[in-house]
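Here is the structure we will look at, set down as structure tokens.
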Amino acid sequence: MRADKKDVLRMLKTARGQIDGIIKMVEEDKYCIDIVHQIMASEAVLRKTSKIVLQGHLSGCVSEAFEKGPEEREEKINEIIDVFDKLNK
53 MRADKKDVLR MLKTARGQID GIIKMVEEDK YCIDIVHQIM ASEAVLRKTS KIVLQGHLSG
113 CVSEAFEKGP EEREEKINEI IDVFDKLNK
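Just so you know, the numbering used here puts 107 at position 55 of the sequence shown, and the rest follows in order with no gaps.
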């Protein structure tokens with residue numbers, strides 16, 4: 053992984069903490085909108101984390117693949133296309 057591992061781990065642990073909090077809110081029958089706001093906050097952290105990991109992949113792994121040759125380049129391009137396809141679902 054090319055992204056800053058400490059930052060990625062920090063953000064994932066933040067999301068985990070938020071999700072643990074959401075579970076507690078559900079167990080305690082908290083107000084629905086408050087739960088939805090916390091879910092949205094967790095999603096935002098995960099989206100940001102995903103963006104950081106993807107940026108690291110593009111600037112590192114994909115750049116290196118372009119230097120190695122057409123087969124490696126094509127493989128990395130297809131991986132990115134697959135990621136974009138999943139984002140649009």
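C-beta: ideal position from N, C-alpha, C; glycine also. Because the structure is a prediction, the values reported are computed rather than measured.
Original post:
Expressed to the nearest angstrom, what Euclidean distance is found between the alpha-carbon atoms of Lys58 and Ser94?
Top reply: For the purposes of this step, residue 58 is taken as the residue at position 6 of the sequence shown. For the purposes of this step, residue 94 is taken as the residue at position 42 of the sequence shown. Spanning the two alpha carbons is a distance of roughly 18 Å.
Original post:
Considering only C-alpha positions, which residue in the set Val60, Asp137, Asp56, Lys76 is nearest to Thr101?
Top reply: Locating residue 101 in the sequence shown gives position 49, where the first residue counts as 1. Residue Val60 is the option with its Cα nearest to Thr101.
Original post:
Would DSSP call Asn130 helix, strand or coil?
Top reply: Start at 1 with the first residue of the sequence shown, and residue 130 comes out as number 78. Three-state DSSP puts Asn130 in a helix.
Original post:
Can you name the start and end residues of the alpha helix (DSSP H) that Gly108 belongs to?
Top reply: Working through the sequence shown from its first residue, we reach residue 108 at position 56. Element bounds for Gly108: 84 to 108.
**OP:** Please confirm whether Ala67 and Leu98 have their CB atoms less than 8 Å apart.
**Re:** The residue you call residue 67 lines up with position 15 of the sequence shown. The residue you call residue 98 lines up with position 46 of the sequence shown. Yes, the Cβ-Cβ distance between Ala67 and Leu98 is below 8 Å.
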